[in-house]
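Right, one structure below, let's go through it.
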Amino acid sequence: MEAALAEYLIHAPVFVRTVPGMITHWTTGATELYGYGWEEAQGRISHELLRTVFPEPLADIDHALVDQGHWQGLLTHTKSDGSTIWTESVWRLRQAADGRDARVVEINTDVTHRQLLARELDHRVKNTLAVVQGIARGSFRKTDRGDVQRFERRLIALSRAHDLLVRSAWSTASLGEVLGGTLQALGIEDRVEARGPDVALAAKSVVAYGLAFHELATNALKHGSLSNDVGRVLVDWELVGSKHDLIHLTWRELDGPPVSSPKQADFGSTLIKRALFAELGEQIDLRFEPDGLVCEFDGLVQNSSGL
Amino acid sequence: MLLPRGEIVLVVDDEVLIQFMLEDALNEEGYEVRVAGNAREALEVLAAEPRPLSALITDIRLGVGATGWEIAEQARLLRPGIPILYVSGDSREEFATRGVAGSELVTKPFLAEDVVSLLRMLAARKEAEGGL
Numbered sequence: 230m231e232a233a234l235a236e237y238l239i240h241a242p243v244f245v246r247t248v249p250g251m252i253t254h255w256t257t258g259a260t261e262l263y264g265y266g267w268e269e270a271q272g273r274i275s276h277e278l279l280r281t282v283f284p285e286p287l288a289d290i291d292h293a294l295v296d297q298g299h300w301q302g303l304l305t306h307t308k309s310d311g312s313t314i315w316t317e318s319v320w321r322l323r324q325a326a327d328g329r330d331a332r333v334v335e336i337n338t339d340v341t342h343r344q345l346l347a348r349e350l351d352h353r354v355k356n357t358l359a360v361v362q363g364i365a366r367g368s369f370r371k372t373d374r375g376d377v378q379r380f381e382r383r384l385i386a387l388s389r390a391h392d393l394l395v396r397s398a399w400s401t402a403s404l405g406e407v408l409g410g411t412l413q414a415l416g417i418e419d420r421v422e423a424r425g426p427d428v429a430l431a432a433k434s435v436v437a438y439g440l441a442f443h444e445l446a447t448n449a450l451k452h453g454s455l456s457n458d459v460g461r462v463l464v465d466w467e468l469v470g471s472k473h474d475l476i477h478l479t480w481r482e483l484d485g486p487p488v489s490s491p492k493q494a495d496f497g498s499t500l501i502k503r504a505l506f507a508e509l510g511e512q513i514d515l516r517f518e519p520d521g522l523v524c525e526f527d528g529l530v531q532n533s534s535g536l
Numbered sequence: 022m023l024l025p026r027g028e029i030v031l032v033v034d035d036e037v038l039i040q041f042m043l044e045d046a047l048n049e050e051g052y053e054v055r056v057a058g059n060a061r062e063a064l065e066v067l068a069a070e071p072r073p074l075s076a077l078i079t080d081i082r083l084g085v086g087a088t089g090w091e092i093a094e095q096a097r098l099l100r101p102g103i104p105i106l107y108v109s110g111d112s113r114e115e116f117a118t119r120g121v122a123g124s125e126l127v128t129k130p131f132l133a134e135d136v137v138s139l140l141r142m143l144a145a146r147k148e149a150e151g152g153l
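In order, the protein sequences belong to chains L and H. Our numbering puts the first residue of the first sequence at 230, with every later residue one more than the last. Our numbering puts the first residue of the second sequence at 22, with every later residue one more than the last.
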């Protein structure tokens, strides 16, 4: 049993490095994965040797590593033969008793096959959404073009949420990224102030948040505070609950034209309530105040670190 | 704004409904449209169409045969300076290294109106540069 475990560990693709990246230990498994032997890897900066492509700036990753003691994410590495692979990378910081000589244990699992499948799925989903647009355009030729465009923009919002999930291998996306993507697509990022901690959303919530932000933003542009030149939106969120496992989010329109509650719920507000309610299981408070629409809800956090 | 009457755009996509959507939107804007479902058909149009082509809109992944990247390269050889617009679901990362000079890429799904705007921008750029 012990021998089998030792054999297994030898073939695990692991290396140890300093925080800046100098390789100090290199397993047989790492050689098998990357094609570089210990002689070639020893003393090299791992990110240079493997031509690592990071999902976010390395300085931010190192900051999270030192702060939390671990980091996990999807990387691309280049092997000795020049081919590129995707790896699910787990980093653990190990500090010596005297606080010096910190080392990073880096475990890299080859997920290239999974990523290729995910990309193929992504391609097919996007093509299917574009085909649905074609069907809509043909089916509603006599309908107001504005209505069809609203439908198409919802499809695009859905696609944007899908993009974020594909980038993280369907694991998570940050609340800030989901909100930022929506605002950027509509060109209103300079009129919306976002305040809140970095929060990782569960994969199943990403689409709901994406669609809800799209509806809130397009409503603000058409009827609410962004329909004039001076109005703005404040979006703030905080972690609440005894374990900080809930997000309390408020979308508040400010300085907009006077609004009143519509006599009949339109599809947009129904979508906000139902999409969020179905995914998050919490009641949504959607109310029309004199300054503009306010939407408040509590949602579940994947966990605050995103791991 | 004057509609571009008589200008011809070649649309290459292996999905009939996406062909239809683009053709419909471009027709509404006054463009004539030639459609192709694969690289072979696209190259036939590029080689045989007697009138000037105002632009090529091509999907990247076309099932069998050459990709949109390769069609665009051939188009530039056959019709120097032709404006190129790629449409793709998943190829934005490759665009920087594989897109031909002066081209643009729009990701699926897209608003047909955005495609028309990009075509106008490409046409204006070509005119400003006196052809690529």
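Each residue gets a CB set at the ideal place from its N, CA and C atoms; glycine is no exception.
Beta-bridge annotation (DSSP): residue 251(L) is paired with 274(L). Counting along the chain, the unbroken beta strand (DSSP E) around residue 477(L) starts and ends at 475–483. Taking a Cβ-Cβ threshold of 7 Å, the residues of chain L close to residue 38(H) are 360, 363 and 364, in chain order. Chain L has a Cβ within less than 7 Å of the Cβ of residue 129(H). Judged by DSSP secondary structure, residue 512(L) falls outside any beta strand (DSSP E); it is assigned neither H nor E. A distance below 7 Å between beta-carbons, with the five flanking residues on each side excluded, links residue 272(L) to the following residues of its chain, in chain order: 251 and 252. Taking C-beta separations shorter than 6 Å and ignoring five residues to either side along the sequence, the partners of residue 58(H) in its chain run 35, following chain order. Taking 7 Å as the threshold, the shortest C-beta distance from residue 355(L) to chain H falls below it.
The three-state reading of DSSP puts residue 241(L) in coil, since its state is none of H, G, I, E or B. 82: these are the residues of the region 55–87 of chain H whose beta carbon lies less than 7 Å from some beta carbon of chain L, given in chain order. Residue 245(L) and residue 269(L) have their C-alpha atoms spaced approximately 14 Å apart.
For residue 307(L), the enclosing beta strand (DSSP E) has its first and last residue at 299–307.
389(L) is the residue among 344(L), 389(L), 336(L) and 324(L) whose C-alpha sits nearest the C-alpha of residue 129(H). Excluding the 5 residues flanking it on each side, residue 316(L) has same chain C-beta neighbours closer than 7 Å at 304, 306, 337, 338, 339 and 340, in chain order.
Following the DSSP letters along the chain, one finds residue 528(L) inside the beta strand (DSSP E) bounded by residues 521–529. Given a length threshold of 4 residues, each whole run of the alpha helix (DSSP H) inside the region 379–450 of chain L is given here in chain order: 404–415. Take residue 487(L), set aside five residues on each side of it, and the residues of its chain with a beta-carbon closer than 8 Å to its own are 519, in chain order. Relative to residue 84(H), the option among 117(H), 150(H), 109(H) and 138(H) whose CA is nearest is 109(H). Taking 7 Å as the cut-off, the beta carbon of residue 46(H) is found no closer than this to the beta carbon of residue 140(H).
Closest option to residue 472(L), judged by alpha-carbon separation, among 351(L), 440(L), 276(L) and 530(L): 530(L). Residue 496(L) carries a helical assignment under DSSP once its states are collapsed to helix, strand and coil. One Cα belongs to residue 111(H), the other to residue 355(L), and the distance between them is close to 8 Å. For residue 268(L), the three-state secondary structure derived from DSSP is helix.
DSSP, reduced to helix, strand and coil, places residue 118(H) within a helical segment of the structure shown. For residue 385(L), the nearest beta carbon of chain H is closer than 7 Å to its own beta carbon. Along the region 447–461 of chain L, none of the residues has a CB nearer than 9 Å to a CB of chain H. By the neighbour-count definition (other C-beta atoms within 10 Å, threshold 16), residue 80(H) is a buried residue. Taking residue 283(L) as the centre and dropping the five residues before and after it, the same chain places the C-beta of 290 and 304 closer than 7 Å to its C-beta, in chain order. Taking the C-beta atoms as reference points, residue 360(L) is found nearer than 7 Å to residue 38(H). Where residue 330(L) is concerned, there is no enclosing beta strand (DSSP E), because DSSP gives it neither an H nor an E. A check of alpha carbon separations from residue 365(L) across 147(H), 149(H), 131(H) and 151(H) identifies 131(H) as the nearest.
For residue 352(L), the residues of chain H that pass the 8 Å Cβ criterion are 82, 110 and 111, in the order they occur in the chain. Residue 113(H) and residue 92(H) have their C-alpha atoms spaced approximately 17 Å apart.
A distance below 8 Å between beta-carbons, with the five flanking residues on each side excluded, links residue 420(L) to the following residues of its chain, in chain order: 455, 460, 461 and 462. Setting aside the 5 residues that flank it on each side, residue 96(H) is surrounded in the same chain by 67, 77 and 103, each with a C-beta closer than 6 Å to its C-beta; the list follows chain order. Our two residues, residue 145(H) and residue 123(H), have alpha carbons roughly 12 Å apart in a direct line.
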